[in-house]
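Trainee: Just passing along the structure, written as structure tokens.
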Amino acid sequence: MFDTLDPILMARIQFAFTISFHIIFPAFTIGLASWLAVLEWRWLKTGNAIYAEIYRMWVKIFAVAFGMGVVSGVVMSFQFGTNWSVFSDKAGNVMGPLLGYEVLTAFFLEASFLGVMLFGWNRVSPRMHFASTVIVALGTIISAFWILSANSWMQTPQGFRVGADGLLYPTDWLAIVFNPSFPFRFTHMIIAAYLTTAFVVAGIGAFYLFRRRHVRHARVMVGMAMIMAVFVAPTQLLVGDLHGLNTLEHQPAKVAAMEGLWETQRGAPLVLFGWPDQERQETRFALEIPKLSSLILTHDLDGEVKGLKEWPRDEQPPVAWVFWSFRIMVGIGMLMILTGLMAAVLFLRKRLFDTRWFQYWCMALTPSGFVAVLAGWFVTEIGRQPWIIYNVMRTAEAASPVGAQPIALSLAAFVVTYAVVFGAGIYYIGRLIAKGPGDLEEAYGAHGVKRPPLVAPQVADEGGSHV
Amino acid sequence: MFSLEAFIDLPMIWYGLIITAVMLYVILDGFDLGVGILFPFAPSEKCRDRMMNSIAPFWDGNETWLVLGGGGLFAAFPLAYAILMPALYIPVTLMLLGLIFRGVAFEFRFKARKSRRIWDYSFHGGSLLATVMQGMILGALVQGVTVSGRSFAGGTFDWINAYSVMTGVALVFGYALLGSTWLVMKTDGITQSWARRSASYVLGYVGLFIAVVSISMPLMKDTIRGLWFSLPNFFYLLPVPLMTALLFILIWRDLHIGREYRPFFMSIGIFLLGYLGLGISLWPWIVPHAVSFRQAAAAPESQSLLLVGTAVMLPVVLAYTAYCYYVFRGKASHESGY
């Protein structure tokens, strides 16, 4: 059965699977680390213990998510070589230093100070602990900086030349690092991570409010999350629009796929929904708003928008994936903005924390950020196909000389492993949420009398496994 | 375009840096993985809690040296990275899976109640799998890799044979020595005395395997034999095996007179000497017996850029790594840290 498998497709699925699984955790921990830094700052500033209690609950969730991010991230640093060795060889001169800088400036920073952040409460001063949290938060952002620079360079490559040996050589590092799509992709992703975290925090907070547990803590969680929904979600719409315009300039085929437009035309309509059919080269059953696509993309009702037929079929991305992923991402973004609006209205009417339907709403949107982040990456990564380095190197030319069989088997092993690890991670995060903030010391009696040890400490320490 | 090519020997510096990064990984994650290997043999649950706590703040940073080794290889010697990863496709994948099961166990174990056993075995099994695969990768590498043009040209299972299985087992004992001497340093009471017994036990096996590898390497390649056994090289290189033998004797003695710190650092010494011996044998290959480090070097512009970053960041990284070890100095407790 393995003879019929296409090694390139297997390698693509494996990479898509491992990177999609991985991105879930950074998307969460980038936002969470920054939020934890804010919480600890509020605690040091106000001395209000509630911030410390919330911190201590969420830092445990952070630790689980970060741990899964680390182990799935180590896999990524080998995927370039195991599955895309020809790409690694040809583009190594450009890509390698960017990833090297990520390790040197971010990974060590995060990994080392995470230890202090998690285990250092009684070993370093509160200021030093706060500094560790801030350093970890900075580390996550620096890491995003380098990896998004590398990714963006593959989308909008510049600052290099092709040598006589077919390898790529850097000619201008500033042009490589700050390539045209990088500032937009970086901003878009960081904001996406912040919003993802905000909606997780809002969902958990709303759950506590709904159950009338930990109400004081939950109000802080929901309140802070809604500040993000009110101010940051609309900003994301603006940044996303700018990112889209940048994509139109550098990767028009991707935008045509996002819009489901096949014919180049003036006054192009906005296709709200439809069924992009690559075989027939048309979008069937399209529900359109006239001229709106031209207005959004060119800021002119009669502006010209390129359609997919401008490119030969073997240079078109798989349109349906891009088209639908884009709608999912934008749809969730709209729901987030709507949440902010509702929160603002409820806040002004002093009903933000006791409106039942809004609590349901927030709980339902808990995973929305993750879905939007994945959908967004599907848009940009599938939308640039068939290129691994846009207009420079095709994905099909980049694969390793490895047969489909080992790739398929290792893919299966990754799927099983990640399912087990992810399942357990979600389960333990769920338990941490069920436990909630504030009851760190296990209360024994009604007046907080601590549970006496079953055996004397010395015996418990030195005894055998039956103790 | 900025390049340091005219001033310094870039490929040579990078070869040294990659070797250093891999060596730091082997030593630092070596004792973590060693603790994982010894885990189920500990006398009590409390001992296991202590063992886990003694490495919990460090494992993440230690594993980052592996990412630097992989990322650095990609950056400085992309050709070697592009050849070795497909050649080692299966063992690298299995090692990564092992590291996943090992890594998540740190977080899950302390949060688990009934299922704690599962994460004990996940921790042990993951550490063991990762170690065996690293040892097998080493065994496969010293035997050489089939290369044609700019890519790997051998088979999917080239890496597996009796010799690589032997080096896989050898590394299990090697890491167990690092792990047990680490525990002698970082714990006390019954955990420490058990760790001391374990260390003396694995010490003998480590000596045996080092002897086997030292004898087999020169037999494998004429060039390696010529390097070690020609005059005057023989006398220049003689201190390497002699010092290794001396360290074995000293560790044995220290374990029996109750020293706490020295066995760990002398075990690191054994690893350094073994690594030095391997390095001498494999010089100047980066893909053994096929591609030298000069042939695989990235463009001078690329090596220059990253070298500037490394020159600035590596001392900083080492400084705060040392700071973290300082913060968590002293004996580990069995209680959950946060």
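Going down the list, the protein sequences come from chains A and B. First residue of the first sequence? That's 838 in my numbering, and the numbers climb one at a time after it. First residue of the second sequence? That's 6 in my numbering, and the numbers climb one at a time after it. In this text, a Cβ means the ideal position worked out from N, Cα and C, and glycines have one as well.
Buried or exposed for P1127(A), going by 16 or more other Cβ atoms inside 10 Å?
Mentor: With fewer than 16 Cβ atoms within 10 Å of its Cβ, P1127(A) is classed as exposed.
Trainee: Go ahead and label S1162(A) buried or exposed: buried means 16 or more other beta carbons lie within 10 angstroms of its beta carbon, across all protein chains shown.
Mentor: S1162(A) comes out buried.
Trainee: Between I42(B) and Y180(B), which are expected to be in contact by the criterion C-beta below 8 Å, what is the C-beta distance as a whole number of angstroms?
Mentor: 6 Å between Cβ atoms; contact.
Trainee: Taking only the alpha-carbon atoms, compute the straight-line gap between L287(B) and G159(B) and give it to the nearest angstrom.
Mentor: Rounded to the nearest angstrom, the two C-alpha atoms are 20 Å apart.
Trainee: Relative to chain A, which residues along the stretch 145-158 of chain B have a C-beta separation below 7 Å, given in chain order?
Mentor: The stretch 145-158 of chain B vs chain A, Cβ under 7 Å: R155, S156 and F157.
Trainee: In this structure, what does DSSP give as the bridge partners for T1307(A)?
Mentor: There is simply no residue 1307(A) to check, as chain A begins at 838 and stops at 1304 in what is shown.
Trainee: Using the C-alpha atoms, what's the distance from E68(B) back to I105(B)?
Mentor: Near 11 Å, if we compare the C-alpha coordinates of E68(B) and I105(B).
Trainee: For I978(A), which residues of its own chain have a beta-carbon under 7 Å away from its beta-carbon, when the five flanking residues on both sides are left out?
Mentor: Around I978(A): I867 and I1027.
Trainee: Checking 8 Å against the spacing of the C-beta atoms, do G1262(A) and V901(A) come in under that value?
Mentor: In this structure, V901(A) lies closer than 8 Å to G1262(A) by Cβ.
Trainee: Give the C-beta separation of M57(B) and F111(B) to the nearest angstrom, bearing in mind that I take them to be a contact with Cβ-Cβ under 8 Å.
Mentor: Sure, about 7 Å apart at Cβ, within 8 Å.
Trainee: Output yes or no for whether 8 Å exceeds the beta carbon distance between Q1118(A) and W1099(A).
Mentor: Yes.
Trainee: Assuming R1193(A) is part of the alpha helix (DSSP H), what are its boundary residues?
Mentor: R1193 to A1201 is the span of the alpha helix (DSSP H), which, as asked, contains R1193(A).
Trainee: With a threshold of 16 other CB atoms inside 10 Å of the CB of N238(B), please say whether the residue is buried or exposed.
Mentor: It is exposed - the Cβ of N238(B) has fewer than 16 other Cβ atoms within 10 Å.
Trainee: Within 8 Å of any Cβ in chain B, is that where the Cβ of L941(A) sits?
Mentor: Answer yes: the Cβ-Cβ gap between L941(A) and chain B drops below 8 Å somewhere.
Trainee: Can you give the beta carbon distance from A303(B) to G929(A), rounded, assuming they're within the 8 Å contact cut?
Mentor: Yes, A303(B) and G929(A) are in contact; Cβ-Cβ is about 6 Å, under 8 Å.
Trainee: Taking only the alpha-carbon atoms, compute the straight-line gap between M190(B) and A204(B) and give it to the nearest angstrom.
Mentor: Approximately 12 Å, taken between the alpha carbons.
Trainee: Residues in the same chain with beta-carbon distance under 7 Å from L99(B), minus the five sequence neighbours each way, listed in chain order, please.
Mentor: If we look at L99(B) and ignore the five residues flanking it on each side, its Cβ neighbours are L134 and M138.
Trainee: Taking the alpha carbon of F899(A) as the reference point, which residue from L951(A), G1104(A) and S909(A) has its own alpha carbon closest?
Mentor: Answer by Cα proximity: L951(A).
Trainee: Pop quiz: H1087(A) and P1017(A) are said to be a contact at Cβ under 8 Å. What is the actual Cβ separation, rounded to whole angstroms?
Mentor: At roughly 6 Å, the Cβ-Cβ gap stays under 8 Å, so H1087(A) and P1017(A) are in contact.
Trainee: If you compare alpha carbons, which of S198(B), R107(B), R201(B) and A87(B) is closest to T151(B)?
Mentor: Minimum Cα distance to T151(B) is reached at A87(B).
Trainee: Just reading off the alpha helix (DSSP H) that F945(A) is part of, what are its end residues?
Mentor: Its alpha helix (DSSP H) spans residues F945 to F956.
Trainee: Is there a C-beta anywhere in chain A that falls below 8 Å from the one on A295(B)?
Mentor: Chain A, which has no Cβ nearer than 8 Å to the Cβ of A295(B), makes this no.
Trainee: Please work out which residues of its chain come closer than 8 Å, Cβ to Cβ, to G284(B), disregarding the five sequence neighbours upstream and downstream, and give them in chain order.
Mentor: Once the five neighbours on either side are set aside, the close Cβ partners of G284(B) are I24.
Trainee: Using a Cβ-Cβ cutoff of 7 Å, what residues of the stretch 299-310 of chain B are near chain A? List them in chain order.
Mentor: Flagged, chain order: A303, A304, E306, S307 and L310.
Trainee: Say whether the stretch 878-888 of chain A touches the stretch 70-83 of chain B, bearing in mind that this needs 3 or more beta-carbon pairs closer than 8 Å, one atom from each stretch.
Mentor: Output reads no: the stretch 70-83 of chain B does not touch the stretch 878-888 of chain A.
Trainee: Would you mind telling me which residues of chain A sit closer than 7 Å to P16(B), beta carbon to beta carbon, in chain order?
Mentor: Per Cβ cutoff of 7 Å: no residues; P16(B) is ~13 Å from chain A at best.
Trainee: I'd like to know whether the C-beta of M318(B) is nearer than 8 Å to at least one C-beta of chain A.
Mentor: It does: the Cβ of M318(B) has a partner Cβ on chain A nearer than 8 Å.
Trainee: Between L1082(A) and T970(A), how many whole angstroms is the CB-CB distance? I'm expecting something under 8 Å.
Mentor: Rounded, the Cβ-Cβ distance is 36 Å, inconsistent with contact.
Trainee: According to DSSP, is L1277(A) helix, strand or coil?
Mentor: Confidence in L1277(A) is poor, its pLDDT being 46 and thus under 50, which makes the residue's placement unreliable; the coordinate value appears in the next sentence. Three-state result, L1277(A): coil.
Trainee: For the pair the stretch 974-991 of chain A and the stretch 889-896 of chain A, tell me if three or more CB-CB distances fall below 8 Å.
Mentor: Short answer: they don't touch.
Trainee: Between which residues of its own chain and Q851(A) is the CB-CB distance below 8 Å, once the five residues before and five after are set aside?
Mentor: Contacts found: Q916, N920, I1244, S1247, L1248 and F1251.
Trainee: Suppose contacts are defined by Cβ-Cβ distances below 8 Å. Is Y94(B) in contact with V1108(A) by that definition?
Mentor: Taking 8 Å as the Cβ cut-off, Y94(B) and V1108(A) do not qualify as a contacting pair.
Trainee: Is it right to say G108(B) is buried, meaning 16 or more other beta carbons lie within 10 angstroms of its own, or is it exposed?
Mentor: Under this definition G108(B) is a buried residue.
Trainee: Between E1116(A) and R155(B), what straight-line distance do the alpha-carbon atoms span, to the nearest angstrom?
Mentor: One C-alpha to the other measures close to 38 Å.
Trainee: Specify, as a first and last residue, the run of the beta strand (DSSP E) that R998(A) falls within.
Mentor: First-last of the beta strand (DSSP E) with R998(A): F997 to V999.
Trainee: Note down, in chain order, each residue of its chain lying with its Cβ closer than 6 Å to the Cβ of Y168(B), except the 5 sequence neighbours on either side.
Mentor: Within the same chain, Y168(B) has close Cβ partners G144.
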